[in-house]
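Peer 1:
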Amino acid sequence: MTSTTEPLLTFDDPLLTSEGDTAIADGNDATEHVTENTPVASENTDVPPCKPQGRRYMLRLPKSVYDAFMATANAERRLYHVVLEKAIEEFLETGECEPRPYIPPMLKLEPMIDTQSKIDSDIYLALEARAMIEERSRNALGLRAVLNYLANHEGGLE
26 MTSTTEPLLT
36 FDDPLLTSEG
46 DTAIADGNDA
56 TEHVTENTPV
66 ASENTDVPPC
76 KPQGRRYMLR
86 LPKSVYDAFM
96 ATANAERRLY
106 HVVLEKAIEE
116 FLETGECEPR
126 PYIPPMLKLE
136 PMIDTQSKID
146 SDIYLALEAR
156 AMIEERSRNA
166 LGLRAVLNYL
176 ANHEGGLE
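Going from the sequence shown to my numbering is simple: count from 1 and add 25.
Rendered as structure tokens:
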């Protein structure tokens, strides 16, 4: 084997050239060379807005409900926000409007735990729309969704 004495790379040559960029590869002083492979910006600037990935949802739960919900989430081996999103989604699919009182009175006496999580924006907007229709707060609907989820999946609170 014989060694070569020519340099492997010179800094004057471009690293990658397309087949149509012969003017740049030949060493000519061309600042911009447009070929048929070069993408040209279209004049249509109407880009649909992208959907937000999630919305922050703050929920106040009584301590016993929070403990039961976290135990259910741990038993299912899921994160809190995933189970909360599932509970709200199931609640919105039922579409039933319950008469008042919406929340059992015994739960109003317990200390409340503030939680926040990120849920899908479509679910958040559907929850907000239903809250406006029923003239209730999102927090009350979220608590009802959690109570329904616990009743359906764990047999309710003890």
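Ideal placement from N, C-alpha and C gives every residue a C-beta, glycine not left out.
With H, G and I counted as helix, E and B as strand and the rest as coil, what does DSSP make of L84?
Peer 2: strand
Peer 1: For the region 105-134, which segments carrying the alpha helix (DSSP H) assignment without a break, of at least 4 residues, lie completely within its bounds, in sequence order?
Peer 2: 105-119
Peer 1: Since Y91 and I138 are thought to touch, with beta carbons under 8 Å apart, how far apart are those beta carbons, to the nearest angstrom?
Peer 2: 4 Å
Peer 1: Given that a residue counts as buried once 16 or more other Cβ atoms are within 10 Å of its Cβ, and exposed if not, what is P11?
Peer 2: With the chain covering only 26 through 183, there is no way to say anything about residue 11.
Peer 1: If you pair each beta-carbon of the region 167-182 with each one of the region 95-112, do three or more pairs fall below 8 Å?
Peer 2: yes
Peer 1: When DSSP labels each residue in this structure, what does S146 get in the three-state scheme?
Peer 2: helix
Peer 1: Alpha carbon to alpha carbon, how far is L104 from I157? Give it in angstroms, no decimals.
Peer 2: Note that residue 157 is Met in the sequence shown, not Ile. Distance between the alpha carbons of M157 and L104 is about 28 Å.
Peer 1: Apart from the five residues on each side of it in sequence, which residues of its chain come closer than 8 Å, Cβ to Cβ, to R102?
Peer 2: none
Peer 1: Measure from the alpha carbon of L168 to the alpha carbon of each residue in E121, T30, P129 and A151, then state which is nearest.
Peer 2: Selected option, being the one with the closest Cα: P129.
Peer 1: In three-state DSSP terms, what is T30?
Peer 2: coil
Peer 1: What is the residue span of the alpha helix (DSSP H) that E179 lies within?
Peer 2: R163 to E179
Peer 1: For A96, does the count of other Cβ atoms within 10 angstroms reach 16, so buried, or fall short, so exposed?
Peer 2: When all chains shown are included, A96 counts as exposed.
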